[in-house]
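**Student:** Sequence order for the protein chains is A and B.
Per my numbering, the first sequence starts with residue 481, numbered consecutively.
Per my numbering, the second sequence starts with residue 481, numbered consecutively.
There are 2 protein chains.
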Amino acid sequence: MNLRPGSLLSRGDLERRLREIGENYYHDKHPFHRLLHTGQLDKGQVQAWALNRYCYQAAIPVKDARLMARIPDHTLRREWRQRIADHDGGEDGGGGIERWLKLTDGLGLERDYVMSREGALPATKFAVGGYVHFVSEMPLLDAVASSLTEIFSPVIIAERMSGMLAGYDFITEETMAYFKPRLTQARRDVDFALQYVLDNANTLERQHGVLAALRFKCDVLWSQLDALYFSYVDPRIVPPDCFVANGR
Amino acid sequence: MNLRPGSLLSRGDLERRLREIGENYYHDKHPFHRLLHTGQLDKGQVQAWALNRYCYQAAIPVKDARLMARIPDHTLRREWRQRIADHDGGEDGGGGIERWLKLTDGLGLERDYVMSREGALPATKFAVGGYVHFVSEMPLLDAVASSLTEIFSPVIIAERMSGMLAGYDFITEETMAYFKPRLTQARRDVDFALQYVLDNANTLERQHGVLAALRFKCDVLWSQLDALYFSYVDPRIVPPDCFVANGR
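1. Is there contact between the segment 623-643 of chain A and the segment 503-519 of chain A, where contact requires at least three CB pairs shorter than 8 angstroms?
2. Just to confirm the assignment, what range does the alpha helix (DSSP H) spanning Pro661/B have?
3. Taking Leu691/B as the reference, give the member of Val713/B, Thr629/B and Phe659/B with the closest Cα.
4. So, at 7 angstroms on beta carbons, what are the nonlocal neighbours of Pro602/B in its own chain, with the 5 sequence-adjacent residues on each side left out?
5. Considering only the alpha carbon of each residue, which of Phe672/B, Arg695/B and Arg557/B lies closest to Glu500/B?
6. Show which residues of chain B have a CB atom less than 7 angstroms away from the CB atom of Tyr505/A.
7. Along chain B, which residues have their Cβ under 9 angstroms away from the Cβ of Tyr709/A?
8. Between Leu589/A and the rest of its own chain, which residues show a CB-CB distance below 8 angstroms, the 5 nearest in sequence each way excluded?
9. CA-CA distance, Phe710/B and Thr555/B?
10. How would you write the range of the alpha helix (DSSP H) that Gly575/A sits in, first residue to last?
11. Given a cut-off of 7 angstroms, decide if Glu578/A and Gly569/A are closer than it, judged by their beta-carbon atoms.
12. Could you give the residue range of the alpha helix (DSSP H) that holds Val724/B?
13. When the cut-off is 7 angstroms and only beta carbons count, does Ala603/B lie next to chain A?
14. By the criterion of Cβ-Cβ separation under 7 angstroms, what are the contact partners of Gly502/B in chain A?
15. Taking only beta-carbon positions, decide if Ala545/B is within less than 7 angstroms of chain A.
16. Round the Cβ separation of Leu663/B and Pro619/B to the nearest angstrom and send it over; I've been treating them as touching at under 8 angstroms.
17. Please name the residues in the segment 612-631 of chain A whose beta-carbon is closer than 7 angstroms to at least one beta-carbon of chain C, in chain order.
18. Check whether the Cβ of Ala539/B lies closer than 7 angstroms to any Cβ atom in chain A.
19. Against chain A, does Asp706/B count as a neighbour if the rule is that its beta carbon must be under 7 angstroms from one of theirs?
20. Cα separation between Thr584/B and Ala600/B?
21. Would you kindly work out how many angstroms separate the C-alpha atoms of Arg591/B and Thr655/B, rounded to a whole number?
22. Under the DSSP definition of a beta bridge, which residues are partnered with Gly570/A?
23. Between Leu621/A and Arg686/A, is the Cβ-Cβ spacing less than 7 angstroms?
24. At the 7 angstroms Cβ level, is Asp423/B part of the contact set with chain A, yes or no?
25. May I have the straight-line CA-CA distance separating Arg728/A from Asp544/B, to the nearest angstrom?
26. Pick helix, strand or coil for Met481/A, following the three-state DSSP scheme.
27. What did DSSP end up calling Glu598/B once you bin it into helix, strand or coil?
28. Do you know how far the Cα of Ser487/A is from the Cα of Leu678/B?
29. According to DSSP, is Ala692/B part of a helix, a strand, or is it coil?
30. Should Asp493/A be labelled buried (16 or more other beta-carbon atoms within 10 Å of its own) or exposed?
31. Ala623/B: buried (16+ other C-beta within 10 angstroms of its C-beta) or exposed?
32. In the DSSP assignment, find the alpha helix (DSSP H) that holds Gly519/B and state where it starts and stops.
33. Would you report the Cα separation of Ile717/A and Thr604/B, rounded to the nearest angstrom?
34. What's the gap between the Cα of Val542/A and the Cα of Glu653/B?
35. Assign Asp553/A to buried or exposed, taking buried as 16 or more other Cβ atoms, counted over all protein chains shown, within 10 Å of its Cβ.
36. Please report how far the alpha carbon of Lys660/A lies from the alpha carbon of Leu674/A, in whole angstroms.
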């Protein structure tokens, strides 16, 4: 798929290209997700997923803080601050990271172990670190564009919620509490970020940049599943010192 | 393996602990290397290895430049500059990167394609990026310590040279030109860096830091092989747009 348009795209065409990237590269197509969402994994494999994905969840507000620190305009910073609050919670606790820990609790993983990231795959940490650094170092517009995978998340979240509740007796509504608020939060975030990208990607170079940024972000998500598949599905080669179900 | 000593180690004990990390975590133990060095891969799999490994080779002098930029002392910078020259070459060309491209040439890969990194696995790029950022952001002593995997490289290089020449009819002395100079260069570099680390890791916190840095670097190398194994050996799931032998 050629991601580099030869001449300046209209607003509508740019949006269409961004959505095409999701159709081709978003991680809902990854074989690990197909197994996860259709009840074909065992509890240890779901634990490995939740434990590794914690690294990603925990890095999101750090990524957003790095992005916010680069925004000169207070109204845009205000918009971005809401994302951090959604993940970090408020005075009364809550927030996406704590909800994710309810999932790992429900799966029987020790909180200290999860939060230490000690058992996570190096590949997970490298991909997550790559995302944080991308947002810190690339043009601000590209950093905003890399968040646009949220365009595609409502479908995967709905599929995951119904598929995992139906497929696993160790999964309950309560342990899945992370996902439901994300449906509305992601929608609100993406409405804003997509308008911002379409408004500001007004040169060919900037259009190349935002398309490449979204493509990059798809790699960040995809490669985390490659690593999970390799270590916990087939051929099940776990790197030294990483999580082994029932065997830490 | 507990990498965090409880009390300050003697110089000899610190060196022993560093060498133990190599014995336990260095990538000579990875199953991909066992296949590579015993003639058990096909040409496409060796191409995939060389193409991905190019990303690592090409990043080494960038990593060294980032490290050098953080050194306040000109005599230590001078020492480090030699490493960059070894990889980037001099007025008459040469250097490790060009020697690596002779290997990819010899394997029938197009130079532009290799150098574009377009076909490389995202996991390779994330691991390599993780190393570059580690060296840029962590304490200088840890950055130096992360280079100490060179302690262990002479064995793997010797094994690779003899094993690959014997195992593959598409590998010649000329295409393997990268490796021979590395035997002496790595020895010289490591003599210096090891003394520097042993001289300067004189608090418990610094000793923890250098041991963790070397452990981290082993993950950088190991996870690149995990990704190659996953995509090109078993189960051979290649991420979107990445290199496919005979099928670009």
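For glycine and all other residues, C-beta sits at the position ideal for the given N, C-alpha and C.
**Tutor:** Result, derived from the coordinates:
1. Here the segment 623-643 of chain A makes contact with the segment 503-519 of chain A; the two share three or more CB pairs at distances below 8 angstroms.
2. Boundaries of the alpha helix (DSSP H) harbouring Pro661/B: Phe659 to Asn680, taken from the DSSP string.
3. Nearest Cα to Leu691/B within the set Val713/B, Thr629/B and Phe659/B: Thr629/B.
4. Closer than 7 angstroms at the Cβ level, and outside the excluded window around Pro602/B, lie Pro719.
5. Comparing C-alpha distances from Glu500/B to each of Phe672/B, Arg695/B and Arg557/B shows the shortest one belongs to Arg695/B.
6. Correct list: Pro720.
7. Here the neighbours are Phe710, Pro715 and Ile717.
8. The answer, listed in chain order, is Gln527, Ala530 and Leu531.
9. Within the model, the alpha-carbon separation for Phe710/B versus Thr555/B is close to 44 angstroms.
10. It is not in any alpha helix (DSSP H) - Gly575/A carries neither H nor E in the DSSP assignment.
11. With a cutoff of 7 angstroms on beta-carbon distance, Gly569/A and Glu578/A are scored as near each other.
12. No alpha helix (DSSP H) holds Val724/B; DSSP gives it neither H nor E.
13. With respect to chain A, the C-beta atom of Ala603/B has a partner C-beta closer than 7 angstroms.
14. The contacting residues do not exist; Gly502/B stays about 12 angstroms from chain A at best.
15. By this cut-off, Ala545/B is not an interface position.
16. Wrong, their Cβ atoms sit about 30 angstroms apart, outside the cutoff.
17. Looking for chain C here will not work: the only protein chains present are A and B.
18. No, no contact with chain A.
19. A Cβ of chain A is located within less than 7 angstroms of the beta carbon of Asp706/B.
20. Taking the straight line joining both Cα atoms gives about 13 angstroms.
21. Those two C-alpha atoms are separated by around 14 angstroms.
22. The partner list for Gly570/A (beta bridge, DSSP) reads Gly573/A.
23. Going by C-beta atoms, Leu621/A is nearer than 7 angstroms to Arg686/A.
24. There is no way to answer for residue 423/B, as the model of chain B reaches only from 481 to 728.
25. Bear in mind that the predicted position of Arg728/A carries a pLDDT of just 43, short of 50, making it unreliable; the figure below should be weighed with that in mind. Arg728/A and Asp544/B: Cα-Cα distance of roughly 36 angstroms.
26. Three-state result, Met481/A: coil.
27. Three-state result, Glu598/B: coil.
28. Rounded to the nearest angstrom, the two C-alpha atoms are 57 angstroms apart.
29. Helix, per DSSP.
30. It is exposed - the Cβ of Asp493/A has fewer than 16 other Cβ atoms within 10 Å.
31. Buried, since its Cβ has 16 or more Cβ neighbours within 10 Å.
32. It is not in any alpha helix (DSSP H) - Gly519/B carries neither H nor E in the DSSP assignment.
33. Cα to Cα, Ile717/A sits roughly 17 angstroms from Thr604/B.
34. Taking the straight line joining both Cα atoms gives about 49 angstroms.
35. By the beta-carbon neighbour count (other beta carbons within 10 angstroms, threshold 16), Asp553/A is exposed.
36. Cα to Cα, the separation comes out at about 22 angstroms.
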